[in-house]
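Following: one structure in structure tokens, then a few remarks.
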Amino acid sequence: MIMTDNDSALRVRDVEKTFTLHLQGAKVLPVLNDVSFDVGQGRCVVLGGESGAGKSTIMKMVYGSYAADAGSILIRHQGGILDLATAAPRDVIAARRESIGYVSQFLRAVPRVAALDVVA
Numbered sequence: 002m003i004m005t006d007n008d009s010a011l012r013v014r015d016v017e018k019t020f021t022l023h024l025q026g027a028k029v030l031p032v033l034n035d036v037s038f039d040v041g042q043g044r045c046v047v048l049g050g051e052s053g054a055g056k057s058t059i060m061k062m063v064y065g066s067y068a069a070d071a072g073s074i075l076i077r078h079q080g081g082i083l084d085l086a087t088a089a090p091r092d093v094i095a096a097r098r099e100s101i102g103y104v105s106q107f108l109r110a111v112p113r114v115a116a117l118d119v120v121a
């Protein structure tokens with residue numbers, strides 16, 4: 002996928018994510034399926050939805066903390082385009098240092114909640 006100079010600063014296309022619940026017999030929990038959106042340069046946007054809809058998951062994928070199972074996550078980086086869904090770890094670290102940032106919704110450590118409890 003190509004982004005031109007007049008296109009988005011972020012382009013998410015056909016992203017999918019599952020989690021494997023290893024302590025529950027390797028049950029596979031589908032979290033995101035076929036997610037696509039664009040964010041224009043200089044835009045302020047809201048990623049809204051119900052609890053368990055996958056908002057935090059997609060943000061962690063955009064930041065490179067979670068790997069995508071499928072799709073592409075394109076950002077502008079070092080004068081070019083970087084696909085965070087397939088980028089090498091060193092490229093993700095460089096993008097974090099130079100091109101993207103992430104502010105968690107959690108301002109302090111909170112007890113973890115099992116993914117199954119969130120989506121159940």
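Each residue of the sequence shown is one higher than the one before, counting from 2 in the numbering used here.
The beta carbon of each residue, even a glycine, is placed where N, CA and C say it ideally should be.
Quantities reported herein were computed from a predicted structural model and do not represent experimental measurements.
Within the same chain, and ignoring the five residues on either side of Leu117 in sequence, no residue has its Cβ closer than 6 Å to its Cβ. When the Cα atoms are used, Arg77 and Gln25 turn out to be separated by approximately 39 Å. Excluding five sequence positions before and after Thr21, the CB atoms of its chain that fall closer than 8 Å to its own CB belong to Ala27, Lys28, Val29 and Leu30, given in chain order. For Arg98, the enclosing alpha helix (DSSP H) covers residues Pro90 to Glu99.
Straight-line spacing of the CA atoms in Leu33 and Val16 works out to 7 Å.
In the three-state reduction of the DSSP assignment, Leu85 falls in the coil class. Around the beta carbon of Arg91, fewer than 16 other beta carbons lie within 10 angstroms, which makes this residue exposed. Taking C-beta atoms as the reference points, Ala96 and Leu75 fail to come closer than 7 Å.
By the C-beta density criterion, Val13 is buried, having at least 16 other C-beta atoms within 10 angstroms.
Rounded to the nearest whole angstrom, the C-alpha separation of Ser66 and Leu85 is 10 Å.
When secondary structure is reduced to three states using DSSP, Ser57 falls in the helix class.
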